[in-house]
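Engineer:
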Amino acid sequence: MTLLYEWLDHSTDEYGNAKALVYRDNYLSWRGLKHRVDRRAQEFQAMGVKEGDWVGLMLGNVPDFVILALGLSRLAVTVVPIDPTTSSREFDLVMDTVPLRALITRPRGTETQPVPIVTAEPARRPPVKKAPSRVDLPESRRRLQGTLLTCSMFKRPAPDYGVLPEVVMLTSDSLGDPKAVLRTRENLEAEAKVLTRALEIDAETKILTAVPLFHAYGWDFGFLVAMKNGSTLHIEEELSAKRVAKILREQEVDVLPGTPPLYAGLAKTPTAKSMRQKGARPRYLAAGSPLDEETAEAFRERYGIKLMSAYHTTETGAIAADLASKAPGSVGKVLDGVDVKLTGVDGGKVATSEKGVIWVRGPSVSRRSIGPYDVAPVRPGRVPIGGRDDGGWYRTGDLGRFDKAGRLYLAGREDDLVKVDGKRVALGEVEGCLEKFPKVKQAQALVHTDPLAGQMIVAKVVTAAKCRAEELIDHCARNLAPYKVPRRIEFCEHL
101 MTLLYEWLDH STDEYGNAKA LVYRDNYLSW RGLKHRVDRR AQEFQAMGVK
151 EGDWVGLMLG NVPDFVILAL GLSRLAVTVV PIDPTTSSRE FDLVMDTVPL
201 RALITRPRGT ETQPVPIVTA EPARRPPVKK APSRVDLPES RRRLQGTLLT
251 CSMFKRPAPD YGVLPEVVML TSDSLGDPKA VLRTRENLEA EAKVLTRALE
301 IDAETKILTA VPLFHAYGWD FGFLVAMKNG STLHIEEELS AKRVAKILRE
351 QEVDVLPGTP PLYAGLAKTP TAKSMRQKGA RPRYLAAGSP LDEETAEAFR
401 ERYGIKLMSA YHTTETGAIA ADLASKAPGS VGKVLDGVDV KLTGVDGGKV
451 ATSEKGVIWV RGPSVSRRSI GPYDVAPVRP GRVPIGGRDD GGWYRTGDLG
501 RFDKAGRLYL AGREDDLVKV DGKRVALGEV EGCLEKFPKV KQAQALVHTD
551 PLAGQMIVAK VVTAAKCRAE ELIDHCARNL APYKVPRRIE FCEHL
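In the numbering used here, the protein residues as written are 101 to 595.
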């Protein structure tokens, strides 16, 4: 067994009939959760899944995600959460990157039937040493007992990358392609320890994951710390502001990892009322994109709760948080157990108040990432974005500065990577997709912040022939994940 199942075993012994997992009007106690987990582990074992295999979970925030992840953990299997909205092209690259022994999906669309891979390389990608191979067809496909979930089995041996990951979290590299971050037992233990101490989480804490569990932010701030501390984990797939507000009030949630657009929506919910509770200290965190003071103040006036900005990446885990809720424009102070330094782009020193490249070091930082391409090496002596130097420092690619109080402020990126509602988007990937359309000569992708809808991608396009915006949006929807698709197209004579 691996760490997650050990925590489940301990919580079952300690808390037994206490609520472990809550989904809408249903809940599982720790004892009930463990019973279901053990049954799924036996089913996987009978299917031929064994220690060291990698198994993908292409599910949203539903109880099966938690149960299956823990069942695989009992067998010492590496869990690979995958976004169910992944586009066809990205899905093929994911399958080429991570050597899955099995993939569990809902029975619809490309989630169960891999389509032929797009072999053309994205625009603006440096030379590569290898191209992705065609996705393997499954050797068998069966339905998990008592569910509509499909499990596809592949003929792939257990991989060996020099580390033994307990979970592999997917994100995007600086050019927009999938990157698999290998997180070991040491990483998970360290991350859980950092967050437990910073957020003062214990068995009485109620956590609502208003962000997807298949992303590292939701996994770390929700699933991971709940399993570590025996906390009650509320999960919800319908992440509308009205639904979330109802859960917050009825369940008296203590910890809420969310995004600024979610909080902006909550602040505008007509039926919202103050949720001040005697003796309670809500920890509502905003990460994934900058939290502006207007949103923070509107939420405080509506609910009587101050928001905490946070800084978190898939590769490093939690880095900083404004636990005192004193400066919404910053991401707070660096958390205990994490080291951060700033340098110039060339690696040189910068003054304390000057903007520099953010480097992170600590036991929660992943030591290994893999991707579908072998990118040409950078010049000697220069650590690439997403790389580590000899001292174990990880180059995030984010830019930032410290103020006199030691608070960290984010100030953009070294590359064209941006975040839309907490998800990484390479603008060059969107531009490359648009420029593959026959009627497009040039394209430029930008991030626009709408007061109601939050951050979104918009595109300026120069065409070679007459076409409609709907044609370009449909083309992007077929080749990109939904959050990468431009919400608006502006036609120009030149860029």
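For each residue, glycine too, the CB sits at the ideal point set by N, CA and C. Because the structure is a prediction, the values reported are computed rather than measured.
1. Can you tell me whether DSSP reads R587 as helix, strand or coil?
2. For H360, which of K539, K536, P390 and L339 has the nearest alpha-carbon?
3. Taking the alpha helix (DSSP H) that F165 falls in, what are its first and last residues?
4. Give a yes or no on whether the C-beta atoms belonging to Y494 and R501 are separated by under 8 Å.
5. Give, in chain order, every unbroken run of the alpha helix (DSSP H) that is at least 4 residues long and sits entirely within the segment 262-321.
6. Which residues mark the beginning and the end of the alpha helix (DSSP H) in which S188 is found?
7. Comparing alpha-carbon positions, which option in C576, V585, P538 and T549 lies nearest T563?
8. Of all the beta strand (DSSP E) runs that stay within the bounds of the segment 519-564, which reach a length of 3 or more residues?
9. Straight-line CA distance for R241 to L157?
10. Using the three-state DSSP reduction, which class does L103 fall into: helix, strand or coil?
11. Quick one, which of G262, L244 and D183 has its alpha-carbon nearest L159's?
12. Among P428, G492, G276 and T332, which one has its Cα closest to the Cα of I405?
13. Just reading off the beta strand (DSSP E) that L157 is part of, what are its end residues?
14. Should P382 go down as buried or exposed, given a rule of 16 or more other Cβ atoms within 10 Å for buried?
15. Please determine, among L339, T178, L295 and V457, the residue with the shortest C-alpha to C-alpha distance to P257.
16. If you reduce the DSSP assignment to three classes, tell me which class F323 lands in.
17. Within 10 Å of its beta-carbon, does H412 have 16 or more other beta-carbons around it, so buried, or fewer, so exposed?
18. Taking the DSSP output, what are the residues bridged to D489?
19. Assign K279 to one of two classes, buried (16 or more other C-beta atoms within 10 Å of its C-beta) or exposed (fewer than that).
20. Along the alpha helix (DSSP H) that carries G82, what are the first and last residues, could you check?
21. Leaving aside the five residues before and after S453 along the sequence, list all residues of the same chain whose C-beta is less than 8 Å from its C-beta, in chain order.
22. Keeping to the same chain, check which residues put their C-beta closer than 7 Å to that of A569; ignore five residues upstream and five downstream.
23. Hey, quick one: how far does the alpha helix (DSSP H) through N579 stretch, first residue to last?
24. Which residue comes first and which comes last in the beta strand (DSSP E) that contains I335?
25. Where does V460 fall in DSSP's three states?
26. Thinking C-beta only, is R139 closer than 8 Å to T112?
27. I'd like to check one pair, F254 with L200: are the Cβ atoms closer than 8 Å?
28. Answer yes or no: do R206 and L172 have a C-beta to C-beta separation smaller than 8 Å?
29. Could you check if L572 is buried or exposed, using at least 16 other CB atoms within 10 Å of its CB as the buried criterion?
30. CA-CA distance, V355 and D273?
31. Quick one: grab the DSSP three-state call for P484.
32. For M52, which three-state DSSP category applies?
33. Quick one: using the 10 Å Cβ neighbour count with 16 as the cut-off for buried, is P357 buried or exposed?
34. DSSP beta-bridge partners for K510?
35. Are V431 and D422 closer than 8 Å when you measure CB to CB?
Structural biologist: Based on what the coordinates show:
1. coil
2. Reading the sequence as shown, one finds Pro at residue 360 and not His. The option with the nearest alpha carbon to P360 is P390.
3. P163 to R174
4. The criterion of a C-beta distance shorter than 8 Å is not satisfied by Y494 and R501.
5. 285-299
6. Note, S188: alpha helix (DSSP H), S188 to T197.
7. P538
8. 523-526, 540-550 and 554-563
9. 15 Å
10. helix
11. Checked all of G262, L244 and D183; the closest Cα to L159 is D183.
12. P428
13. Residues W154 to M158.
14. buried
15. T178
16. Here F323 sits in helix by DSSP.
17. buried
18. According to DSSP, D489 bridges with nothing at all.
19. Sixteen is the threshold: when 16 or more other Cβ atoms of the shown chains lie within 10 Å of the Cβ of K279, as they do, the residue is buried.
20. Look at the range of the chain in this structure, 101 to 595, and you will see that residue 82 is not part of it.
21. Same-chain partners within the cutoff: R501, F502, D503 and K504.
22. I589
23. A569 to N579
24. It spans T332 to I335 - the beta strand (DSSP E) in which I335 sits, taken as one unbroken run.
25. strand
26. No, the Cβ-Cβ distance between T112 and R139 is not below 8 Å.
27. For L200 and F254, yes; Cβs fall inside 8 Å.
28. Against a cut-off of 8 Å, the Cβ pair of L172 and R206 comes out as no contact.
29. Burial is judged here by how many other beta carbons sit within 10 angstroms of a residue's own beta carbon; L572 has at least 16 and is buried.
30. 30 Å
31. coil
32. In the structure as shown, the chain starts at 101 and stops at 595, and residue 52 therefore has no counterpart that could be examined.
33. buried
34. Correcting the residue type first, residue 510 is Leu in the shown sequence and not Lys. Assignment of beta-bridge partners to L510 by DSSP yields G500.
35. yes
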